[in-house]
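Visitor:
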Amino acid sequence: MHRQEFSPGPVVRRTGQLYDNPEKEVEKIKLTIDDREIEAQKGMNVLEAARAAGIEIPSLCYLRHINEIGSCRVCLVEVEINGAMTLQASCVYPATEGLVVYTSSPRVRRVRRTMVELLLSDHHRECTTCIRNLNCELQNIADNLGIRNIKYTGEMKELPVQNNNPFIIRDYNKCIKCRRCEAICSKVQEVNVYSAQNRAYDTVIAPAFMQDLSQVACITCGQCVIACPTASLTEKECVDSVWEALEDRDKYVVVQTAPSIQVTLGEMFGYPVGTVVTGKLVTALRRLGFDRVFSTDFTADLTIMEEANELLARLDQGDRLPLLSSCSPGWVKFAEHFYPEFLENLSTCKSPHEMFGALAKTYFAQKEGLDPAKIVVVAIMPCTAKKYEASRPEMGTSSFKDVDWVLTTRELARMLRQAGIKFQDLPDGDYDSLMGIASGAGAIFGSTGGVIEAAVRTAYFLTSGQELDVLDYEELRGFSGLKEAWVELKGRPIKVAIAHGTGNARILMERLKAGEQFDYVEIMACPGGCVGGGGQPIFGTREHKEISLDYRHNRADALDRIDYSKELRRAHENPAVKKIYEEFLGRPLSERSKKLLHTFYTPRGELPGFKLGEEKDSHDDRAEEKIPALQS
Amino acid sequence: MKVRSIDDLRSLKEKYYPLIKQRLGHRNGLGLTQVMVCSGTACTSSESREVHRKLEQELARCNLSSSVRVIRTGCFGFCQHGPIMMIHPGEILYCRVRPEDVREVVQHHLINGQLVDSLLYREINTGKKASSLENIHFFKAQERIVLQNCGVINPESIEEYIARDGYFSLADLILNKQPREIIEIINKSGLRGRGGAGFPAGKKWEMAAAQDVKPKYVVCNADEGDPGAFMDRSILEGDPHSVLEAMSIAAYCIGASQGYIYVRAEYPIAVERLENAINQAREVGLLGKGLFDTSFDFDIGLRFGAGAFVCGEETALLHSVMGQRGEPRPRPPYPAQEGLWGRPTLINNVETYANIPVIFRGGWEWYQGHGTATSKGTKVFSLAGKINNTGLIEVPMGTSLRTIIFDIGGGIAGGRQFKAVQTGGPSGGCIPEKYLDLPIDYESLKEIGSIMGSGGMIVMSEDNCMVDLARFYLEFTQDESCGRCTPCRVGTKRMLEIIKRITEGQGEMEDLELLEELAFDVRDASLCGLGQTAPNPVISTLRYFKDEYIAHVRDKVCPAGVCKELLTYQVDAEKCIACGLCAKACAVGAISGAPKQPYHINPEKCIKCASCVAKCPKKAILKGVGREVASSAQAGIFAGAGSQENRPAL
Amino acid sequence: MEPELEKMPDNLEDGFVTGGQEPQIRKVVAVENEKKFQALDQIIEQYSQEPGQLIKILLKAQDIFGYLPEEVQAHIALKTGVPVSEVNGVVTFYSLFATRPRGRNILKVCMGTACYVKGAQELMDTLKEHLKIDEGGTTSDQLFTLETTRCVGACGLAPVLLANEQVHGEAGAAGVYKIIQDCRKGEKIESKKH
């Protein structure tokens, strides 16, 4: 029995609606807000209508298309109904013709203030030492409302802070029960880690039995962290460990930056969303003291070479098709939990940053005459799942981990602030050579559709010797998070598909399960791909607070601009890639490639924390069996 | 047999009517005696099943099985005096019938034709014995329309319901009327939802009927969660088919083919009766495919509440019916637009549905002749608290509280003074004495700070502390909050903390202001009805009994002698015989004394456990401000129960 | 209740407590558990055809196991396809569900208004003292669990004590004492049978 049939909730699935369609004709309506007549689109709620007219209504639980439950009651406004003024949550109250609304009347201000005071009365207020200090939606609202003391005090919960995993910390004491984490995890990602537990004052938003995230089928994507308005969900910071490595004279610290970092780091320093700051990023890393500054885009090119060849090999053998991309560790873990029967189909390629790590400690060490044990690889990633991925036992050898530390975009920005580096004033720098040269194909790895586009181009070139025209995608069933296209490879039509956001992945996987034929499928765990990753900047400041996550496409556009601006646009043209095959790896899918650049997967089941009848032949031990084989 | 037409119903009615006729006080010429034994929850808990079993046994022993028939029936409403037994012909009512009384009933009444004197009801105030309903004030002042079948028919027999004209309306409407005509009749009848807010029922039906989406659903809200309210349970236990018939009519009107009854799993008898009724209706073809040989299909399933008060709120109920956490959601969209699985869903509560067949049987003109200008028909109330006749009653809208409490209810128990009556359960307010003569309907109750609610009515005497009562209700709603919205989740908690401070003598005068402000904000800002009404007990007691709050805060005294932290125990020097038993009983050594001297309680040490009170042979230990302990044993405590005073007995 | 279930021994505390027991007993426990899970699977099969029957399944599961341990919740999640977080969310939302083992006799004091007004708190205090447990607790001999319940609708009989779902109205000290004694006696007879 499938879940949808068993418990089809009343909520209409809104998965994948990342972009509002600007071309759609929308009916206009007129309403009066704060004695001003304003025009709004039909179907808008009062909060959005007011916002469009330049009136900011504070809100906490609202996240457009994702969480529209009207539960925090901070966005209350006065609405005239049948001549009486009633308080309504503006985020769920429809803006209708002739509606009369007051967003800042004395009553609204008083009640709104009470709501925030009540939230604060049960919130561990550690603002000065909090990771979200100055970037916290609750803090900002409290400040905007001028709350200087909290009238209502009483019992304050002392709940555990769960940090027994390498990726996400859950501090229940800072949770305001907005349920944005629950909504994004169940409605967008459809991983369903969180649900409200208990009731009344004891309500917590938690995984089943309040288990740590490492105990449940969490894919570590970090979308909940992006969604959290406070510091109840945060990445596990490893800034101090990186500082330590940098300070250690004995260590040779190599840093790599994921493709999307160059278009998102600027946001942390006030640049508009979608600003390309590659040059400043490189200089900043040098100033922090990294010995070499490389680009993950380079190994993205390498991944393309490996994966394109893997695709061709599988097409030849007609085996394990469709090939499923594996560069998104959140998606990989999703497959391990929910679609273990398709693990054979996953590309065996490690994700680019792991490939980088493996090569840094072999190829690079050899070239530079360094002791691999002394090399520390730091990865700047848009992603919390990469933190988990780096901790997988199979990602490395007995003597070293491929990647030692993974920093999110946010953590890097914090390091720069700690070091007193004025980002805006930095001159541009260039990546170090050897593992710093990348094609435009590597760059677009950072957004949805990039991997498949790059790999198909290379596969096309490898087989036909010609360049491919632009891929023409068709939206699958109207979900913008799901697309498919046809391309001719080796004289036969190949059906490719892309999905981003694991909710969309689920739809695609169910179609695969139902027997639909695809040849090559790219899946990114996060909506929008890495530009929407769980490690990317969060907007919770007074100057920049978002009520939706729709800004991601601006970042993707910036990656496309990088691609177009490059002379080098095909992975197979990358001289550094050519060189590494000549000097070290031999050819794609060689023995050495397989040993260093490829990996394997572990079925984990939907309930990893339980040994139930169904799961008796648990594959948990397989990882250990395989590691020695890999190392030998 | 299958019922396919009105004629089929008629022939069933003819067959069973003689039995019913006798129970209504007519001769049936059958030469049969019928013994009705109440099988409602209250009587069942006082062993009515055993009475029933013994009776069958005894009748068999005396060879009376053929001439005397024992019938289980629904609640008479006279719960305090259960188990209830009624014998026809003669309509003789026996109260508190124990299994050991059965032999006497058979011997005296059934064989010898004499009344069993000891089992007759005695009017509390006059001590007069009454043998039949007409002579008992409790029944005389009522007007039982919705409850007309309770206590008359066997709820486990669909034939008896049909004999009472059941399912005739359904047949007539399906065969002869258009949905909009039916809704028009309901509109004209003036029926308003009996679940709480009193939304016009016809409007709701109209809205659901107007939706152009299929499938649609009909839901019956039987999640009666108000502490102290049990009218829905009694209807389901005593007359389940009336609800099924009404739901079928509703389904026909709005175009639904599936219905759900959401019933509390804590009501096992009601669940059993419903399951039985649904099966019977299916068997005779009154539920299922093609009712009365038309194309109208309708079936009903049961869904269970598992202990959450908030599920009485309609959007929360929908989530619970779908097997989810019973959390409400903002409206609009209303359930009639988007309900179960996103489909239009009509929700009414049990009592509302139970009114529907009545309206069609009697006609809307007759129905709207009952009640007040804005509230038509009757209302069922459950009476509880410090009142002589607790139980279930039905009166026309507009009846005064005085009639209900002092006439039907027989006044305050133990001759104490009336202080207030709480209506509407935890969502309602406390009404003081000055409004006793107000005719009650939806509007009048709202005006004085309470609500009709589902019809719970708890009577308070001078021995009840209103602050403590507000605390009790708040504790309830705070615990039952679903935890979704801020004001209800955190606000009620903070309110409770303030009021607890007050009852424990830690309150400041500013707390009263703080409490009131917060109460209004929680009321205004909450997402659903639970949060919006949760402050009502606080707001209404602050409005009418502020002096009690002030006594708690400023004088650190609980005038009713309920709040333990504010009590002091003293020895009445006049009565004390210096026996020393109290000092021996005291676990903390707070009592000291010398021979022939009155003993003394040290208030610093006393933990107010009242062990001394129980041991004192002369009742010389006083509580509070000089009130006698013996009398204030009534205060918030039932004297005979496991009260402090009786504890040493265990 | 289904006929298969009635045959199940009504043993409430076994199943998931394996520490400190003899290996032999543990085996019995395991077999018994397996039987219970089989009964549960039947329930799931029966009810999961209809939409929204999770609460019914959980109620039945509680009848079988006496409470809803994590393993049972996880099992139901796996079999019904409802996410385990949601199952756990539902279990912790409704007050009828217990996630801790409960005693053989469940004593519930009604805390409805009428009962409260007529001394339910005193009744509760008396029981607490007598059984030496707190509200929600289970006696060390696994005989009694003491709980409160919402109004059971028997307000005319306040205060009300529910002993194993049996309503005892106007529960006075002597009555309560007798109820406890009866439960104890029942236990003795039962243990002789074993």
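Residue numbers (my numbering), protein chains in the order written: chain Z, 27 to 658; chain R, 109 to 758; chain P, 237 to 430. C-beta: ideal position from N, C-alpha, C; glycine also.
Within 8 Å of any Cβ in chain R, is that where the Cβ of Z/S97 sits?
Guide: Z/S97 counts as touching chain R.
Visitor: Please name the residue in Z/H91, Z/M70, Z/E74 and Z/V100 whose C-alpha comes closest to that of R/S634.
Guide: The residue with the shortest Cα to Cα distance from R/S634 is Z/V100.
Visitor: So, do the stretch 458-475 of chain R and the stretch 336-350 of chain R have three or more beta carbon pairs nearer to each other than 8 Å?
Guide: Short answer: they touch.
Visitor: Taking the alpha carbon of Z/E394 as the point to measure from, which residue in Z/P629, Z/A467 and Z/L460 has its own alpha carbon closest?
Guide: Out of Z/P629, Z/A467 and Z/L460, Z/L460 has the C-alpha closest to the C-alpha of Z/E394.
Visitor: Apart from the five residues just before and just after Z/T140, which ones in its own chain have a Cβ nearer than 7 Å to its Cβ?
Guide: Nothing meets the Cβ criterion.
Visitor: Just grab the DSSP bridge partners of Z/T322 for me.
Guide: Note: Z/T322 sits in no beta bridge, so no partner.
Visitor: Looking at C-alpha atoms only, which residue of R/M315, R/R597, R/E624 and R/A693 is the closest neighbour of R/G639?
Guide: It is R/R597 whose Cα lies nearest to the Cα of R/G639.
Visitor: Under the three-state reduction of DSSP, which class applies to P/Q309: helix, strand or coil?
Guide: DSSP places P/Q309 in helix when its eight states are reduced to three.
Visitor: Taking R/Q705 as the query, report the chain Z residues whose CB atoms sit under 9 Å from its CB, ordered along the chain.
Guide: By Cβ distance, chain Z contributes nothing, its closest Cβ being about 47 Å from R/Q705, past 9 Å.
Visitor: Are the CB atoms of Z/V557 and Z/L585 within a distance shorter than 8 Å?
Guide: Taking 8 Å as the Cβ cut-off, Z/L585 and Z/V557 qualify as a contacting pair.
Visitor: Taking only beta-carbon atoms, is P/Y352 less than 8 Å away from chain R?
Guide: Chain R, which has a Cβ nearer than 8 Å to the Cβ of P/Y352, makes this yes.
Visitor: For Z/S321, count the other beta carbons within 10 Å of its own beta carbon; 16 or more makes it buried, fewer makes it exposed. Which is it?
Guide: Buried is the call here.
Visitor: Give me the DSSP bridge partner(s) of Z/V403.
Guide: Paired residue(s): Z/V280.
Visitor: Taking one C-beta from the stretch 337-356 of chain Z and one from the stretch 385-402 of chain Z each time, how about it: are there three or more such pairs within less than 8 Å?
Guide: The answer is no - the stretch 385-402 of chain Z does not touch the stretch 337-356 of chain Z, with fewer than three Cβ pairs under 8 Å.
Visitor: According to the Cβ coordinates, are P/K344 and P/T384 closer than 8 Å?
Guide: Their beta carbons are under 8 Å apart, which means P/K344 touches P/T384 by this criterion.
Visitor: Whose Cβ in chain Z lies nearer than 7 Å to the Cβ of P/S445?
Guide: Outside the displayed span of chain P (237 to 430) sits residue 445 of chain P, for which this structure offers no information.
Visitor: Looking at the unbroken alpha helix (DSSP H) that takes in Z/R77, where does it start and where does it end?
Guide: Its alpha helix (DSSP H) spans residues V72 to A78.
Visitor: For Z/D323 and chain R, any beta-carbon pair shorter than 8 Å?
Guide: So no, Z/D323 is outside the interface.
Visitor: Listed from N- to C-terminal order along the chain, which residues in the stretch 132-155 of chain Z have their beta-carbon within a distance smaller than 8 Å of any beta-carbon of chain R?
Guide: Answer set for the stretch 132-155 of chain Z: R133, R136, V137, T140, M141, L144, L145, S147 and D148.
Visitor: Measuring only the C-alpha atoms, how far is P/I416 from R/N384?
Guide: Looking at the two C-alpha atoms, the distance is approximately 34 Å.
Visitor: By the 10 Å Cβ neighbour count, where 16 or more other Cβ atoms means buried, how is Z/E293 classified, buried or exposed?
Guide: It counts as buried.
Visitor: Run through chain Z and tell me which residues come within less than 7 Å of R/T611, C-beta to C-beta.
Guide: Within chain Z, no residue comes near R/T611; the closest Cβ sits about 15 Å away, beyond 7 Å.
Visitor: If you compare alpha carbons, which of Z/V319, Z/N224 and Z/V265 is closest to R/G415?
Guide: Per the Cα distances, Z/N224.
Visitor: Starting from P/L290, find everything on chain R with Cβ-Cβ shorter than 8 Å and list it in chain order.
Guide: G431 and Q432, listed in chain order.
Visitor: How would you label Z/L515, buried or exposed, when you count the other beta carbons within 10 angstroms and need 16 or more for buried?
Guide: Buried: at least 16 other Cβ atoms inside 10 Å.
Visitor: Can you find a CB in chain P that lies within less than 8 Å of the CB of R/F406?
Guide: So no, R/F406 is outside the interface.
Visitor: If R/V696 and R/K713 are in contact, beta carbons under 8 Å, what's the gap, nearest whole angstrom?
Guide: R/V696 to R/K713, Cβ: 5 Å. Contact.
Visitor: Spatial neighbours of R/T649 within its chain, please: C-beta separation below 6 Å, excluding the five flanking residues on both sides.
Guide: Within the same chain, R/T649 has close Cβ partners C538, M574 and A578.
Visitor: For the beta strand (DSSP E) holding Z/S221, just list the boundary residues, first then last.
Guide: That run of the beta strand (DSSP E) goes S221 to Q223.
Visitor: Assuming Z/G559 and Z/G527 form a contact by the criterion Cβ under 8 Å, report the distance between their Cβ atoms to the nearest whole angstrom.
Guide: So it is not a contact: roughly 12 Å between Cβ atoms.
Visitor: Tell me which residue opens and which closes the alpha helix (DSSP H) that P/V320 is part of.
Guide: Residues V320 to F329.
Visitor: Buried or exposed: Z/I107, going by 16 or more other Cβ atoms within 10 Å of its Cβ?
Guide: Z/I107 should be labelled exposed.
Visitor: Since R/F417 meets chain P, which of its residues come closer than 8 Å, beta carbon to beta carbon?
Guide: Residues of chain P passing the Cβ test: R386.
Visitor: Using three-state DSSP, classify Z/D342 as helix, strand or coil.
Guide: The answer is helix: DSSP assigns Z/D342 an H, G or I state.
Visitor: Name, in chain order, the residues that DSSP records as bridge partners for P/C346.
Guide: Answer is P/T385.
Visitor: What residues of chain Z sit near P/N269, judged by a beta carbon separation below 7 Å?
Guide: Per Cβ cutoff of 7 Å: no residues; P/N269 is ~11 Å from chain Z at best.
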